[in-house]
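Protein chains: 4
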Amino acid sequence: MKKIAVFTSGGDAPGMNACVRAVVRTAIYHGIEVIGVRRGYKGMVDADFVPMTSHSVSNIIGQGGTILKSARFDEFRDIEWRKKAYDNLIAEGVEGLIAIGGNGTFTGAKLLMENFGIPTIGCPGTIDNDLFGTDYTIGFDTAVNTALDAIDKIRDTAASHDRVFFVEVMGRDAGFIAMQSGIAGGAEDILVPEIPDSIDEVIENLKKGGENEKPSHIVVVAEGEEIGNATFIAQKAKEAMPNLDIRVSNLGHIQRGGAPSALDRILASRMGIAAVEGLIAGKSNVMSGIINDQVTYTSFDDAINKKKPLDVELNKMVEILNS
Amino acid sequence: MKKIAVFTSGGDAPGMNACVRAVVRTAIYHGIEVIGVRRGYKGMVDADFVPMTSHSVSNIIGQGGTILKSARFDEFRDIEWRKKAYDNLIAEGVEGLIAIGGNGTFTGAKLLMENFGIPTIGCPGTIDNDLFGTDYTIGFDTAVNTALDAIDKIRDTAASHDRVFFVEVMGRDAGFIAMQSGIAGGAEDILVPEIPDSIDEVIENLKKGGENEKPSHIVVVAEGEEIGNATFIAQKAKEAMPNLDIRVSNLGHIQRGGAPSALDRILASRMGIAAVEGLIAGKSNVMSGIINDQVTYTSFDDAINKKKPLDVELNKMVEILNS
Amino acid sequence: MKKIAVFTSGGDAPGMNACVRAVVRTAIYHGIEVIGVRRGYKGMVDADFVPMTSHSVSNIIGQGGTILKSARFDEFRDIEWRKKAYDNLIAEGVEGLIAIGGNGTFTGAKLLMENFGIPTIGCPGTIDNDLFGTDYTIGFDTAVNTALDAIDKIRDTAASHDRVFFVEVMGRDAGFIAMQSGIAGGAEDILVPEIPDSIDEVIENLKKGGENEKPSHIVVVAEGEEIGNATFIAQKAKEAMPNLDIRVSNLGHIQRGGAPSALDRILASRMGIAAVEGLIAGKSNVMSGIINDQVTYTSFDDAINKKKPLDVELNKMVEILNS
Amino acid sequence: MKKIAVFTSGGDAPGMNACVRAVVRTAIYHGIEVIGVRRGYKGMVDADFVPMTSHSVSNIIGQGGTILKSARFDEFRDIEWRKKAYDNLIAEGVEGLIAIGGNGTFTGAKLLMENFGIPTIGCPGTIDNDLFGTDYTIGFDTAVNTALDAIDKIRDTAASHDRVFFVEVMGRDAGFIAMQSGIAGGAEDILVPEIPDSIDEVIENLKKGGENEKPSHIVVVAEGEEIGNATFIAQKAKEAMPNLDIRVSNLGHIQRGGAPSALDRILASRMGIAAVEGLIAGKSNVMSGIINDQVTYTSFDDAINKKKPLDVELNKMVEILNS
C-alpha cells in the first residue's frame, strides 16, 4: 500500500483532529503517502484533495472540529456519485481509505467498498457514543464533560433560586451523554430513550425531592427521550405542579466543540493508528474500536446495525445517589 | 452602627458570594455584627435570618450562585409587607442594610428606605451590566467569558460544517454581553437593542461573508434585540438564503453560573467593602460602583432610572475586524 | 450492619468527595447510619467524628479536595494507637469502615482489620493510578486533564519561542500521569520509571526534532523517572546542546485540585456504592475497583503489594505519533 | 501609507494574536498592505517576512502564543543590525511598523525609529502589566485568571490537609499579577515588590491565621518580591514554625499560555485598531493604550521609563478580607 486517503464525515466531534493526526503520522511512519479529502463524500466527488504531511497535522491534537471539514452529501446514496468518487480516488492513486465518523459515514464507506473494492477502515467519531464495537467513541468523553460543566453552572443558579431545571443534552437516539453527564452532575432524574419513563414518574420524583427538602432539582433529558423533549416535559410538570419555578435549558451545539479531553485524544490516536495498521495488515470493511482497553475491529455491518446497549444499572445508581 | 444585614435578590450572578464575603468581613473588621437574610425580600418578611461569621464566608469567593439564595417576591410592592420586613429587621437589631442585586432589588431597597428610614447601600450584582453608576456590574465579566467559551465551541462546529449560527445571549434590555462576547468571539455580526438593525442588513452581511469566502458565520443576538429573537431572525435568513446551513443556539442559563472570574471577584470585593464603609460614613440610598477604577456612590434614583449607554463605537470595530 | 464510618486519608484526589457522597447515600439507602472521620487515622484516634446525612453531602460531587480532610499520621504504625482508634469506633457503635485513599491508607486499614476484626473496604483514591485491582483510581483522569491543560498552555509559549520544555508531572513511582498527559499533549518525548531511558536517548530525540524542523519540543518527565528530575535532565540536555532555549516547568500541586471530571465522578460514585454494598454482603479486607467496566474486589494484600503494569506499548505510540 | 509591517517580540502573551488580527484587518480596511515579521527583530534582520491577508488571521483571535513567533535578539542593540533590519523593511516597501511587546520591544523600536525615521507604534503585549500608559496590558487578565485557577486548585489540597502554601507567580519586577490573583484567590497574604515586607510579618500573619483557626493558608509571592523567592521565604517560615506543613508551588510558564480572556481579546483588538489608525494619522514613537476605557497614545519614552504604580490600597483590602 503506497497511498491512502483520510476524511471526516457526519457531525463533527472533538478528537477527530487527533485521529486525523494519528492516521497521517502512522502512514508516514510506515512509508505510506496520505491525502486528506475535504468535506467528506462531497469532497471525494469534487476531488477536493489535499496532500497531508507531518506538518499538516502539527498542533491540531487539541483542536475541536475537523480541519478536513465535514458536509452532508445525501446524493452519495446514488451509485453514479460513488463511481465518480471512486474514479477520483483512483486517479489520485489512492489504495485505501480511512473514514472517521458515525453510522452514516460507515454506510457510505461500506457501499463504496462493496461496489468498487477499495479497502476501507472506519474510526468511530461521534459524540453520541452510539456505535457498536467500541466502549467509547471519539468525542463522547469531551461532550459529557462539556454537558457536565453546563449542568454544574446551572446547578449554581438552580440552587440559588430553588428552581427545577430540565436540561436537554445531545445523543440522537441514545442516552449515553444524558446518563453520564446526569450522574456526574448529581441530577435528581435522568430521562433516556433506553429506559421507559412517564410524566407521572417525573412528577412523582419532583414531589419526592420537595419532601426531602431538596428544593432545587435537575432533570437531564436525552435528545431522543421518547416521552418528549425537555420543553414538553417541563410544560407537563408545570401543569401538575404550578407552584414550582421551572426552567428549561437546551445545551445545543456547544456539546460538539471545544478542546478534546485527554481520554478522547488518546482514544482517537489509538484508533487512528489501529486503522492504518489494519489497512496494512489487509483488513477492510471494519471499524477500529477499543473494547476493554484492547484494539478491536468490528465489521461495518455490526457497527452500523447492532444496537449498543446502555447499562441500565446506571439508573439504579441515580436512585441510590439521591437517597 | 452595631449590626447590619446583607442579602442578595433578583437573578443570581457569579461574584455575589465574593461580595457577601467582603461585606461580612469588612463589618467584622470594623467591629460590626452581620446577619444574612436568606432569599432576599421574601426572607426579610419571613425573618429568615442567619448570623454571619468570618467562617460563614470561608471558601465562597470562588463559588457561583449565592449562598444567601435569592427569590422573587412581588408582594414587596405592598407597604404592608415592607412594614413586616422592617419590623423583623428592627427586632433583630439591624441598623443598616446591604442589598446585592439589580434594578428591582434597588427599587425595593429604596422604598424600604423611604418608608422607614433604614440606611441602605446597594451593590450592583447582575450579569447584564445594565446599571448606571458603575463601569461593570458583578457577574458581567464572568458571563461574557462563559458566553465566549460557548461561542468558541460553536465556532469549531460552524467552521467544520461551513455553517451559519445565530447565538442568543442574555442581557435583558441591554446589549453589553452580546457586544463583548461577540467581539471577543470574532462574530461576523452582532445584534443589540441599542443599535438599529434590520433583517435586510443581517442578510446583506451574510452575503458579504459568502463572497469573502468566509463560509462559516456567527451572528450574536442579544436577548433584547428589537427585530426578534435568534430563532425568528434565523428563520428570516433561511427564507432569504435557503441554501445556507443555518442553526440557532440559545445559550440560556449557563451564563448565570460558574466560578467568578478574577475581575468579578475583585470588583465584588471592592464594592462590598465600599458598601459597608459607606454605611459607616453615614451614606444611604446609594449604590456603590467602580468608575474609572475609583469607588463611587450613585443614588438609587440614578442607578435605577438612568440608562447606561452602550459604546456604539464598538459596532464600528465589528465591521473593521471582519475586513 | 447498623452503622459505618467513612474517611479519607493520604494525598487528596479530585473525586474523593464524590466517593464520600456515594458512601453516605448508599448507606442511607440501605438504612445504615454513617459517620465521617475527619483527618483520617488521626481523627480516628482523636474521635473526631461527624454524623453524615444526605444533606451533609449535597453539592459536593463537583468539589475538589475532601470535606472530611486528610492528614499524615505515622504513629498509626504502633498498635497502641490503632487500639485507641478501634476503641473510639466501637464506642461510637461503628460496625464497618470505608477507607478512601491509596497504598498507605490500605496498609493502615489492613492492620486495623487484622488486629481487631472490624470489617473494612477500601476505595482507590489517588491521582497516581498506581493501585493494582482497578483500571483507574479516583482522581487520575482529572489529574491527567489538569496536566494536559498545563501542557497545552506551555505548548503555546514553546511554539512561539521555538523552545524546549521539560515538564515534570506527578505520579510517585508510576508513570501513568506522565504517559497519558504526554500522549494527549503531543509530547515529543515521555520519560517514565517503567521504561529504561538515558540522557543520550533524550538528546538523540531532541536532535531528531531539530532535524525535522520541529523547533519546539516538549518532554514530559514523570516524578519518579529514574535518570533524575526534570531540572537535572534539562541541565544535561543544555550541556549537550547549549544553543537550545531550554526551560523547566514543574506542574506541582495544581494536579491534586480542581473539580473532578465526569469520569472521576462516576468512577468514585460506583466505587463508593460498591464498597458499602460489599460491606453489607459480608466482604472485608478488600478494595473495590472497576476492571473492564465491571465492579471487582481485590484483597488489600494484592492492592498494596502487586505492581500495576504500565502499558509499554504506549511508548511505541509516542514514536509513531511524532513521525 | 501603502504598506506596514507587524511583529511580536519579547515574552509571548495571550491576546497577541488578537492584536495581530486587528492590525491586519484594520490595515486591509483602510486599503493598506500588511506583512508579518516572524520572530521579532531577528526576523527583521533575516528578512523573514510573510504577507498577511484577512485569511492569515482567521480563527486566531482565541489562540494563545503568537503566530508570528517571538525571539530574543540582543544584537539589536548594535546599530549595524538595526541598519540591516531597516534596509530589509525598505526593500519590502514598508512605510510603518506596529510593534507588539513590552519594554524591550519598545526600546528596540524607539532606536530604529530614531536612527532611521520609520514611523512606529507599539501595542503593550505582556502579561506583567508593567507598562506606563495603559490600565491593562494585553495578556494580563488571562494570566491573572490562569494564576487564579491554579490558586483555586491549590486551595482544594491546602484545605484538605490544613497546609500552608507559598505560591510564586510571574510579573517580573511588578506585583500586578500577584496582587490581583491573590485577592481573587482569597490569599491570606500577598508579597509584592512595591510594598515593603519582612519575614517577620509573614510569620506574624501565619500565626494570626493559626489563632483564627484558619489552618490552611496561602501566600502569593510575586516573582520580583524583594525578600526572596517563594522557596526562600517558605524555608524561613519553616524554620520559625517547624510544625506547619508548608509547601511551595511555582506556577511557571503556564501563566503565559492559554486562550485569551474576553477582556484581553477586546483590549488587544482595540489597541491594534488604534495602532494602525494612529500610524495613518501621522503618529509615531508612541504606544497605544487604554486608560479609563479611552484610547490613548503614550510616548515610548514614558512607556519605557515611567513606573506604573501598583495601587497599594489593595493591600489594605487583603487585611480587611481576612478578618
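Protein chains in written order, with numbering that gives the first Met the number 0: chain W, 0 to 322; chain Y, 0 to 322; chain X, 0 to 322; chain C, 0 to 322. Think of the CB as a built atom: it goes at the ideal place given N, C-alpha and C, for glycine as much as any other residue.
In chain C, which residues lie less than 9 Å from residue 144 of chain Y when you measure between Cβ atoms? Within the second sequence, the letter at position 145 stands for residue 144 of chain Y. Near residue 144 of chain Y (Cβ distances below 9 Å), the residues of chain C are 144, 260, 261 and 262.
Which partner residues of residue 188 of chain C appear in the DSSP bridge assignment? In the fourth sequence, counting from the first residue as 1, residue 188 of chain C sits at position 189. Answer is C/218, bridged to residue 188 of chain C.
Roughly how many whole angstroms lie between the Cα atoms of residue 25 of chain X and residue 322 of chain W? As a position in the third sequence, residue 25 of chain X is number 26, starting the count at 1. As a position in the first sequence, residue 322 of chain W is number 323, starting the count at 1. Distance between the alpha carbons of residue 25 of chain X and residue 322 of chain W is about 7 Å.
Does DSSP put residue 120 of chain W in a helix, in a strand, or in coil? Indexing the first sequence from 1 puts residue 120 of chain W at position 121. Residue 120 of chain W: strand per DSSP, three-state reduction.
Of the choices W/189, W/273 and W/174, whose alpha-carbon is the least far from that of residue 306 of chain W? Translated into positions along the first sequence, residue 306 of chain W becomes position 307. When only C-alpha atoms are compared, the closest one is W/174.
Report buried or exposed for residue 233 of chain X, applying the criterion of at least 16 other Cβ atoms within 10 angstroms of its Cβ. Start at 1 with the first residue of the third sequence, and residue 233 of chain X comes out as number 234. Buried, by the Cβ-count rule.
Taking CB distances under 8 Å as the criterion, tell me whether residue 216 of chain C reaches chain B. Among the protein chains in the structure shown, which are W, Y, X and C, there is no chain B.
Using the rule of at least 16 other Cβ atoms within 10 Å of the residue's Cβ for burial, across every protein chain shown, is residue 301 of chain W buried or exposed? What you label residue 301 of chain W is simply residue 302 of the first sequence in a count that begins at 1. Burial call: exposed.
Give a yes or no on whether the minimum CB-CB distance between residue 251 of chain X and chain W is below 8 Å. Position 252 of the third sequence holds residue 251 of chain X. No, its Cβ sits nowhere closer than 8 Å to a Cβ of chain W.
For chain Y, is any of its Cβ atoms less than 8 Å away from the one on residue 236 of chain W? Along the first sequence, read from residue 1 onward, the residue named residue 236 of chain W stands at position 237. Closer than 8 Å: no.
Cβ separation of residue 168 of chain X and residue 222 of chain X, assumed to be a contact under 8 Å, to the nearest whole Å: The sequence position of residue 168 of chain X within the third sequence is 169, counting from 1. The sequence position of residue 222 of chain X within the third sequence is 223, counting from 1. Right, the Cβ-Cβ distance comes to about 7 Å (below 8 Å), so this counts as a contact.
Is it a yes or a no for the region 278-286 of chain W touching the region 136-151 of chain W, going by three-plus beta-carbon pairs under 8 Å? No, because fewer than three Cβ pairs between the region 278-286 of chain W and the region 136-151 of chain W fall closer than 8 Å, the two stretches do not touch.
For residue 102 of chain X, which of helix, strand or coil comes out of DSSP? The residue you call residue 102 of chain X lines up with position 103 of the third sequence. Helix at residue 102 of chain X.
Threshold first: 3 residues or longer. Then list the beta strand (DSSP E) segments lying entirely within the region 153-199 of chain X, N to C. 163-168 and 188-190
Measuring straight from C-alpha to C-alpha, what distance separates residue 219 of chain Y and residue 162 of chain Y? Translated into the one-based positions of the second sequence, residue 219 of chain Y becomes position 220. Translated into the one-based positions of the second sequence, residue 162 of chain Y becomes position 163. Each residue's Cα considered, the two are about 14 Å apart.
Is there a Cβ of chain C sitting closer than 8 Å to that of residue 297 of chain X, yes or no? Here the question's residue 297 of chain X lines up with position 298 in the third sequence. No, because no Cβ of chain C sits closer than 8 Å to the Cβ of residue 297 of chain X.
In the DSSP assignment, what residue or residues form a beta bridge with residue 2 of chain C? By one-based count along the fourth sequence, residue 2 of chain C stands at place 3. DSSP lists C/32 as partners of residue 2 of chain C.
List, in chain order, every chain C residue whose beta-carbon is nearer than 7 Å to that of residue 179 of chain Y. Walking along the second sequence from the start, residue 179 of chain Y turns up at place 180. Simply 261 and 265.
Beta bridge counterpart(s) of residue 114 of chain C as assigned by DSSP: Sequence index remark: in the fourth sequence, residue 114 of chain C carries index 115 (1-based). Answer by DSSP bridge pairing: none, since residue 114 of chain C is not bridged.
Do you know how far the Cα of residue 166 of chain Y is from the Cα of residue 250 of chain Y? Looking up residue 250 of chain Y in the second sequence gives position 251. Looking up residue 166 of chain Y in the second sequence gives position 167. Taking the straight line joining both Cα atoms gives about 7 Å.
Residue 197 of chain X to residue 226 of chain X span [Cα, whole Å]: Reading the third sequence from its first residue, position 198 is the one you call residue 197 of chain X. Reading the third sequence from its first residue, position 227 is the one you call residue 226 of chain X. Approximately 7 Å between the Cα atoms of the pair.
State the Cα-Cα distance for the pair residue 82 of chain Y and residue 95 of chain Y, rounded to the nearest angstrom. The residue you call residue 82 of chain Y lines up with position 83 of the second sequence. The residue you call residue 95 of chain Y lines up with position 96 of the second sequence. Going by the C-alpha atoms only, they are around 16 Å apart.
Exposure of residue 113 of chain C, with buried meaning 16 or more beta-carbon neighbours within 10 Å: Locating residue 113 of chain C in the fourth sequence gives position 114, where the first residue counts as 1. Its Cβ having fewer than 16 others within 10 Å, residue 113 of chain C is exposed.
What's the C-alpha gap between residue 9 of chain W and residue 79 of chain W? Here residue 9 of chain W corresponds to residue number 10 of the first sequence, with the count starting at 1. Here residue 79 of chain W corresponds to residue number 80 of the first sequence, with the count starting at 1. Going from the Cα of residue 9 of chain W to the Cα of residue 79 of chain W covers about 21 Å.
Burial state of residue 255 of chain X (16 or more Cβ within 10 Å): Sequence index remark: in the third sequence, residue 255 of chain X carries index 256 (1-based). Counting Cβ neighbours within 10 Å, residue 255 of chain X comes out buried, since at least 16 surround it.
Nearest to residue 191 of chain W (by Cα), restricted to the options W/53, W/27, W/38 and W/314: Locating residue 191 of chain W in the first sequence gives position 192, counting from the first residue. For residue 191 of chain W, the nearest C-alpha among the options comes from W/314.
Less than 8 Å between the beta carbons of residue 60 of chain Y and residue 264 of chain Y, yes or no? Residue mapping note: residue 60 of chain Y aligns to position 61 of the second sequence, counting from 1. Residue mapping note: residue 264 of chain Y aligns to position 265 of the second sequence, counting from 1. Taking 8 Å as the Cβ cut-off, residue 60 of chain Y and residue 264 of chain Y qualify as a contacting pair.
Among C/316, C/266 and C/308, which residue has its Cα nearest to the Cα of residue 295 of chain C? Residue numbering aside, residue 295 of chain C sits at position 296 when the fourth sequence is read from its first letter. Among C/316, C/266 and C/308, the Cα nearest to that of residue 295 of chain C belongs to C/266.
Identified DSSP bridge partners for residue 303 of chain X: Residue mapping note: residue 303 of chain X aligns to position 304 of the third sequence, counting from 1. Answer is none; residue 303 of chain X lacks a bridge partner.
Span separating the alpha-carbon of residue 156 of chain C from that of residue 73 of chain W: Within the fourth sequence, numbered from 1, the residue matching residue 156 of chain C stands at position 157. Within the first sequence, numbered from 1, the residue matching residue 73 of chain W stands at position 74. Approximately 53 Å between the Cα atoms of the pair.
Start and end residues, alpha helix (DSSP H) containing residue 234 of chain Y: As a first step, residue 234 of chain Y is located in the second sequence; it is residue number 235 there, counting from the start. Note, residue 234 of chain Y: alpha helix (DSSP H), 229-239.
Classification of residue 259 of chain W by the beta-carbon crowding that lies within 10 angstroms, buried from 16 upward: As a working note, residue 259 of chain W is residue 260 in the first sequence. With 16 or more neighbouring CB atoms inside 10 Å of its own CB, residue 259 of chain W falls in the buried class.
Since residue 314 of chain W is in the alpha helix (DSSP H), which residue starts that stretch and which ends it? Position 315 of the first sequence, counted from the first residue, corresponds to residue 314 of chain W. 312-320 is the span of the alpha helix (DSSP H), which, as asked, contains residue 314 of chain W.
Would you kindly check if the distance between the Cβ of residue 6 of chain W and the Cβ of residue 99 of chain W is under 8 Å? Along the first sequence, one-based indexing puts residue 99 of chain W at 100. Along the first sequence, one-based indexing puts residue 6 of chain W at 7. Yes, the Cβ-Cβ distance between residue 99 of chain W and residue 6 of chain W is below 8 Å.
Mapping DSSP to helix, strand and coil, what is residue 246 of chain C? As a first step, residue 246 of chain C is located in the fourth sequence; it is residue number 247 there, counting from the start. Reduced to three states, the DSSP call for residue 246 of chain C is strand.
Closer than 6 Å by C-beta to residue 62 of chain W: which residues in its own chain qualify, once you throw out the five before and the five after it? Chain order, please. In the first sequence, counting from the first residue as 1, residue 62 of chain W sits at position 63. These residues qualify, in order along the chain: 16.
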